[in-house]
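Asker: Note that our numbering has the sequence shown beginning at 217, numbered continuously upward.
Backbone N, C-alpha and C define an ideal beta-carbon position, used for all residues, glycine too.
Only a predicted model underlies this, so the values are computations on that prediction, with no experimental measurement involved.
Sharing a structure, written as structure tokens. Questions coming.
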Amino acid sequence: MSVSIYTTPSCPYCTMAKQYMSSKNLSYTEYDVSRDTRKAEEMVRKSGQMGVPVIEINGRVILGFNRPEIDRALAG
């Protein structure tokens, strides 16, 4: 399973998303888009959004900390 989370340090929903993944014992790759302009551009290209978090699970892009969508993506 491939999980990526595009975040910023000041985003409370990013923190919630990371805690949720950890609570499910899932490893993820975090990209801090406030420090990495290449990843920020990638996030906008994938999501069409400037807001964080943007979560990508096995190629499926989820905007925000949307727990039902995250659970659906994790289920397959």
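Under DSSP, the beta strand (DSSP E) around Tyr222 begins and ends at which residues?
Answerer: Translated into positions along the sequence shown, residue 222 becomes position 6. Run containing Tyr222: Val219 to Thr223, per the beta strand (DSSP E) assignment.
Asker: List the residues that DSSP assigns as beta-bridge partners of Thr245.
Answerer: Position 29 of the sequence shown holds residue 245. Answer is Ser220, bridged to Thr245.
Asker: Whole angstroms is fine: what's the gap from Cys227's alpha carbon to Ile271's?
Answerer: Within the sequence shown, residue 227 is the residue found at index 11, counting from 1. Within the sequence shown, residue 271 is the residue found at index 55, counting from 1. Each residue's Cα considered, the two are about 13 Å apart.
Asker: On the DSSP bridge list, what partners appear for Leu290?
Answerer: Within the sequence shown, residue 290 is the residue found at index 74, counting from 1. DSSP lists no partner for Leu290.
Asker: Tell me which residue opens and which closes the alpha helix (DSSP H) that Arg261 is part of.
Answerer: Against the sequence shown, residue 261 aligns to sequence position 45. Start and end: Thr253 to Ser263.
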